[in-house]
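> First the structure, which I've put down as structure tokens, then a few questions once you've had a look.
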Amino acid sequence: MNKSRKWLFRAGALLLLILVALLMLWIGRGHTVYFDNKTIEHQGVEYKPPYKVVVRVNGEQVAKLNARERGMATWIGQNFKMELEVTWEKKGEAVVRSFTQKLPYNMDGIVLNLPALLNDFPEEVYLSEFVPVATEAEEVEEEIITSEFELSDL
Amino acid sequence: MSTKNQTASFGAKLGRLARDNSVPIMFILICAVCIPLAGFSGGYLLNEIITRMGRNTFLILSLLIPIMAGMGLNFGMTLGAMAGEIALILTADWQIWGIPGVVLSMILSIPLSVGLGLLCGKILNMAKGREMVTSYIVSYFINGVYQLVVLYMMGSIIPIAHSSIKLPRGYGIRNTVSLLNMRQCIDNLWAIRVGGVKIPVLTFLIIALLCLVILWFRKTKLGQDMRAVGQDMNVARDAGVDVERTRIISIVISTVLAGFGMILYLQNMGNISTYSSHSQIGMFCIAALLVGGASVDKASIGNVFLGVSLFHLMFIVAPAAGAKITGDSMIGEYFRVFVSYGVITVALVMYETKKRRAKASLGRQLELEQKGADK
Numbered sequence: 027m028n029k030s031r032k033w034l035f036r037a038g039a040l041l042l043l044i045l046v047a048l049l050m051l052w053i054g055r056g057h058t059v060y061f062d063n064k065t066i067e068h069q070g071v072e073y074k075p076p077y078k079v080v081v082r083v084n085g086e087q088v089a090k091l092n093a094r095e096r097g098m099a100t101w102i103g104q105n106f107k108m109e110l111e112v113t114w115e116k117k118g119e120a121v122v123r124s125f126t127q128k129l130p131y132n133m134d135g136i137v138l139n140l141p142a143l144l145n146d147f148p149e150e151v152y153l154s155e156f157v158p159v160a161t162e163a164e165e166v167e168e169e170i171i172t173s174e175f176e177l178s179d180l
Numbered sequence: 142m143s144t145k146n147q148t149a150s151f152g153a154k155l156g157r158l159a160r161d162n163s164v165p166i167m168f169i170l171i172c173a174v175c176i177p178l179a180g181f182s183g184g185y186l187l188n189e190i191i192t193r194m195g196r197n198t199f200l201i202l203s204l205l206i207p208i209m210a211g212m213g214l215n216f217g218m219t220l221g222a223m224a225g226e227i228a229l230i231l232t233a234d235w236q237i238w239g240i241p242g243v244v245l246s247m248i249l250s251i252p253l254s255v256g257l258g259l260l261c262g263k264i265l266n267m268a269k270g271r272e273m274v275t276s277y278i279v280s281y282f283i284n285g286v287y288q289l290v291v292l293y294m295m296g297s298i299i300p301i302a303h304s305s306i307k308l309p310r311g312y313g314i315r316n317t318v319s320l321l322n323m324r325q326c327i328d329n330l331w332a333i334r335v336g337g338v339k340i341p342v343l344t345f346l347i348i349a350l351l352c353l354v355i356l357w358f359r360k361t362k363l364g365q366d367m368r369a370v371g372q373d374m375n376v377a378r379d380a381g382v383d384v385e386r387t388r389i390i391s392i393v394i395s396t397v398l399a400g401f402g403m404i405l406y407l408q409n410m411g412n413i414s415t416y417s418s419h420s421q422i423g424m425f426c427i428a429a430l431l432v433g434g435a436s437v438d439k440a441s442i443g444n445v446f447l448g449v450s451l452f453h454l455m456f457i458v459a460p461a462a463g464a465k466i467t468g469d470s471m472i473g474e475y476f477r478v479f480v481s482y483g484v485i486t487v488a489l490v491m492y493e494t495k496k497r498r499a500k501a502s503l504g505r506q507l508e509l510e511q512k513g514a515d516k
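Taken in sequence, the protein lines are chains A and B.
Going by this note's numbering, the letters in the first sequence line up with residues 27 to 180, in that order.
Going by this note's numbering, the letters in the second sequence line up with residues 142 to 516, in that order.
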């Protein structure tokens, strides 16, 4: 194999690795999606939450929310799909609706307000970023342990 | 007369077999004593062994290529493990989950592993004949650099966004990094259950693929060069093999594979002990390989599988057996630590003794030939 062909193969392999890495960065981005079944105010009007909402993701029930409750699900990728089984009134009939939501890449946690979503409001109304509040345990400075010879369970 | 000769030769063969496989035989005996004492069910033991085999085999396989190139047991595999850990920390911070996270970590670990492997290979070329102790010390040296990067540079120079990974002071990584969103993603994909025993099919397929690659690699030009270098460096050099380059490549391959192995290992565990995971890894992989009957200059894929089964069987049963005998499970813990380090020591001593005996017998043979020529 001559030298230029060899370098071409190497460059091709490197390029392939970079492309695969970029693809993984795109398809593997994980998000935590929170569902708020809470009252929302939009343009001065208050929208009440449904009596009960069952959230299914990938055919699996991830949350069963009464009014003023929050649920969550994890999702890999940007095209979030879910199915909502909504019961507006107590002893009322359940209505099933499917939603597909583009999740912003830069957000780890995303809050979806279900009443706003069900009332077909614009995205900026029903979607917001979840900002975690640091717990006390997270704030405590921890001692760094670097053990060298200990063989614990493997 | 011929029956007597046959019996004697059978006895000699048996003796040689026992001598050559003394370490695995010793471990089989230890396990045979400990298993009934521990009182675990067969299903539990099998489940544990299969889990640990999936977790560790890739890492141990990474040791085979430097042995082939005559560089002994590569304690420098720790370098690859550190590269894998750094890649995983970054992937965890970027929130890349599941199999894409594992694949991305593997890709990210490659340049780090190659760089560290090159450095290690160059240093080992300067310390020919003392590769093992040198690679052991190199791993300590790079551990210091790793701690500098992880403890001071991550968060300050290398951006780390998440407070669950970063220390509260604003830089440095916490003692434990959670890989919950990656946990067993490879092990669980295509996993099957046979009689209550979970078999991680994809993990075993990856391991099988690596075994095939190693077998194929032995037959390639580079593989043949490595074997030639492993047998005699001077003869290989005279035959036109670039000995130094071949040795460096073997260490680079081993380091890259160790990086991948560490990522597979940690995805199974589900968390990284940032400052200690890698320090244990080289030691237990080498111990497991030696338990499987490998030596400093000879190791096969069979040794890897036998070693990982026996070593981990001992790891599982020793604490329970220790607790049963002495009433204190810590005795079992001490016992397995003692055995792990002990088996490495015994293997190294046996290798050195064998080498000296061979040298002495060659000397005697030469002396006899010289005397014969003088007469």
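Note that the Cβ used here is the ideal one computed from N, Cα and C, for glycine as well.
#1: If we cut at 8 Å on Cβ distances, does B/Val244 have a partner in chain A?
#2: For B/Gly262, collect the residues of the same chain with a Cβ closer than 8 Å to its Cβ; drop the 5 residues on either side in sequence, then sort them by chain order.
#3: Is there a C-beta anywhere in chain A that falls below 8 Å from the one on B/Gln236?
#4: Give the interface partners of A/Thr113 over in chain B, defined as CB-CB distance under 9 Å, in chain order.
#5: Note down, in chain order, all residues in the segment 46-57 of chain A with a beta-carbon under 9 Å from any beta-carbon belonging to chain B.
#6: Buried or exposed: where does A/His57 fall if 16 or more other Cβ atoms within 10 Å of its Cβ makes it buried?
#7: Around the C-beta of B/His453, are 16 or more other C-beta atoms found within 10 angstroms, so that it is buried, or is it exposed?
#8: Check whether the segment 421-431 of chain B and the segment 244-252 of chain B touch, using three or more Cβ-Cβ pairs below 8 Å as the test.
#9: Could you run through the segment 417-435 of chain B and flag, in chain order, every residue whose CB is less than 8 Å away from some CB of chain A?
#10: Hey, which unbroken runs of the beta strand (DSSP E) at 3 residues or more fall wholly within the segment 28-90 of chain A?
#11: So, under 8 Å CB-CB, B/Cys352 and B/Ile442 are touching, yes? Tell me the CB distance rounded to an integer number of Å.
#12: Quick test of the definition: if touching needs 3 or more C-beta pairs under 8 Å, does the segment 84-91 of chain A touch the segment 126-139 of chain A?
#13: Within the continuous alpha helix (DSSP H) that includes A/Phe156, where are the two ends?
#14: Once you ignore the five residues that flank B/Val449 on each side, which residues in its own chain have a CB closer than 8 Å to its CB?
#15: Taking just the CA atoms, how far does B/Ser436 sit from B/Leu489?
#16: Report buried or exposed for A/Ser30, applying the criterion of at least 16 other Cβ atoms within 10 angstroms of its Cβ.
#17: Express the C-alpha separation of B/Gly225 and A/Phe175 in angstroms, rounding to a whole number.
#18: Using the Cβ count rule (16 or more neighbours within 10 Å means buried), how would you classify A/Arg55?
#19: So which residues of chain A does B/Arg315 contact, with C-beta pairs closer than 8 Å?
#20: Going along chain A, which residues have a C-beta under 9 Å from B/Asn322?
#21: With a cut-off of 8 Å, do at least 3 Cβ pairs link the segment 397-416 of chain B to the segment 315-329 of chain B?
#22: What are the residues in the segment 128-157 of chain A lying within 7 Å of chain B by C-beta distance?
#23: DSSP state of B/Asn412, grouped into three classes?
#24: Whose Cβ in chain A lies nearer than 7 Å to the Cβ of B/Leu187?
#25: Go ahead and pull the three-state DSSP assignment for B/Ser163.
#26: Taking only beta-carbon positions, decide if B/Tyr310 is within less than 8 Å of chain A.
#27: Whose C-alpha, out of A/Val121, A/Phe156, A/Leu153, A/Thr126, is nearest the C-alpha of A/Pro76?
#28: Going by DSSP, what residue range makes up the alpha helix (DSSP H) through A/Ser124?
#29: Return helix, strand or coil for A/Glu168, following the three-state DSSP convention.
#30: Give the C-beta separation of B/Met223 and B/Ile283 to the nearest angstrom, bearing in mind that I take them to be a contact with Cβ-Cβ under 8 Å.
#31: Which of the three DSSP states is assigned to A/Gly135 in this structure?
#32: Can you tell me whether A/Phe106 is helix, strand or coil according to DSSP?
#33: Taking the alpha-carbon of B/Glu272 as reference, which of B/Asn409, B/Ala210, B/Ala380 has the nearest alpha-carbon?
#34: When you compare only the Cα positions, how much space is there between B/Leu308 and B/Leu289?
#35: With a cut-off of 8 Å, does the C-beta of B/Pro207 fall near any C-beta of chain A?
Result, derived from the coordinates:
#1: Residue mapping note: residue 244 of chain B aligns to position 103 of the second sequence, counting from 1. B/Val244 counts as touching chain A.
#2: Here the question's residue 262 of chain B lines up with position 121 in the second sequence. The answer, listed in chain order, is Arg388, Ile389, Ile390, Ser391, Ile392, Val393.
#3: By 1-based counting over the second sequence, the position of residue 236 of chain B is 95. Closer than 8 Å to some Cβ of chain A, the Cβ of B/Gln236 qualifies, so yes.
#4: In the first sequence, the residue the question calls residue 113 of chain A occupies position 87. In chain order: nothing, as chain B lies at least about 32 Å away.
#5: Residues of the segment 46-57 of chain A with a C-beta atom less than 9 Å from some C-beta of chain B are Val46, Ala47, Leu49, Met50, Leu51, Trp52, Ile53, Gly54, Arg55, Gly56, His57, listed in chain order.
#6: In the first sequence, the residue the question calls residue 57 of chain A occupies position 31. Under this definition A/His57 is a buried residue.
#7: On the second sequence, position 312 is the one that residue 453 of chain B refers to. Counting Cβ neighbours within 10 Å, B/His453 comes out buried, since at least 16 surround it.
#8: In this structure the segment 421-431 of chain B does not touch the segment 244-252 of chain B; the number of beta carbon pairs closer than 8 Å is below three.
#9: Those would be Ser417, Ser420, Gln421, Met424, Phe425, in chain order.
#10: Given a length threshold of 3 residues, each whole run of the beta strand (DSSP E) inside the segment 28-90 of chain A is given here in chain order: 56-63, 66-68, 71-73, 78-83.
#11: For the purposes of this step, residue 352 of chain B is taken as residue 211 along the second sequence, with counting starting at 1. For the purposes of this step, residue 442 of chain B is taken as residue 301 along the second sequence, with counting starting at 1. About 5 Å separates the two Cβ atoms, so the contact holds.
#12: Taking 8 Å as the limit for Cβ pairs, the verdict is that the segment 126-139 of chain A does not touch the segment 84-91 of chain A.
#13: As a first step, residue 156 of chain A must be located in the first sequence, where it is residue number 130. Secondary structure note for A/Phe156: it is in no alpha helix (DSSP H), with a DSSP letter that is neither H nor E.
#14: Within the second sequence, numbered from 1, the residue matching residue 449 of chain B stands at position 308. The beta carbon of B/Val449 is closer than 8 Å to those of Arg193, Met194, Asn197, Thr198, Ile201, Ala429, Gly433 in its chain, skipping five residues each way along the sequence.
#15: Here the question's residue 489 of chain B lines up with position 348 in the second sequence. Here the question's residue 436 of chain B lines up with position 295 in the second sequence. One Cα belongs to B/Leu489, the other to B/Ser436, and the distance between them is close to 8 Å.
#16: To locate residue 30 of chain A, count along the first sequence from 1; it is residue 4. So A/Ser30 ends up on the exposed side.
#17: Within the first sequence, residue 175 of chain A is the residue found at index 149, counting from 1. Within the second sequence, residue 225 of chain B is the residue found at index 84, counting from 1. Bear in mind that the predicted position of A/Phe175 carries a pLDDT of just 48, short of 50, making it unreliable; the figure below should be weighed with that in mind. A direct Cα-to-Cα measurement between A/Phe175 and B/Gly225 gives close to 21 Å.
#18: Along the first sequence, one-based indexing puts residue 55 of chain A at 29. Buried, since its Cβ has 16 or more Cβ neighbours within 10 Å.
#19: As a working mapping, residue 315 of chain B is identified with position 174 in the second sequence. The answer, in chain order, is Glu168.
#20: In the second sequence, the residue the question calls residue 322 of chain B occupies position 181. Chain A residues near B/Asn322: Gly56, Thr100, Ile102.
#21: Enough Cβ pairs lie closer than 8 Å, so yes.
#22: Cβ proximity to chain B below 7 Å picks out Asp134 from the segment 128-157 of chain A.
#23: Here residue 412 of chain B is taken as the residue at index 271 of the second sequence, counted from 1. Look at B/Asn412 here: in three-state DSSP terms it is strand.
#24: Here residue 187 of chain B is taken as the residue at index 46 of the second sequence, counted from 1. Residues of chain A passing the Cβ test: none, with the nearest at roughly 18 Å.
#25: As a first step, residue 163 of chain B must be located in the second sequence, where it is residue number 22. Of the three classes helix, strand and coil, the one that applies to B/Ser163 here is helix, per DSSP.
#26: Taking the first residue of the second sequence as 1, we reach residue 310 of chain B at position 169. One detail in the question is off: residue 310 of chain B reads as Arg in this sequence, not Tyr. Yes, B/Arg310 counts as interfacial toward chain A.
#27: Residue mapping note: residue 76 of chain A aligns to position 50 of the first sequence, counting from 1. Looking at the Cα atoms, A/Val121 is the closest of the given residues.
#28: What you label residue 124 of chain A is simply residue 98 of the first sequence in a count that begins at 1. A/Ser124: not part of any alpha helix (DSSP H); member of the beta strand (DSSP E) spanning 120-128, first to last residue.
#29: Reading the first sequence from its first residue, position 142 is the one you call residue 168 of chain A. The three-state secondary structure of A/Glu168, taken from DSSP, is coil.
#30: Numbered from its first residue, the second sequence carries residue 223 of chain B at position 82. Numbered from its first residue, the second sequence carries residue 283 of chain B at position 142. Yes, they are in contact, since the Cβ atoms of B/Met223 and B/Ile283 sit about 6 Å apart, within 8 Å.
#31: Numbered from its first residue, the first sequence carries residue 135 of chain A at position 109. The three-state secondary structure of A/Gly135, taken from DSSP, is strand.
#32: By 1-based counting over the first sequence, the position of residue 106 of chain A is 80. Strand, per DSSP.
#33: Taking the first residue of the second sequence as 1, we reach residue 272 of chain B at position 131. Nearest neighbour of B/Glu272 by Cα position, chosen from B/Asn409, B/Ala210, B/Ala380, turns out to be B/Ala210.
#34: The residue you call residue 308 of chain B lines up with position 167 of the second sequence. The residue you call residue 289 of chain B lines up with position 148 of the second sequence. Distance between the alpha carbons of B/Leu308 and B/Leu289: 14 Å.
#35: Along the second sequence, one-based indexing puts residue 207 of chain B at 66. B/Pro207 does not count as touching chain A.
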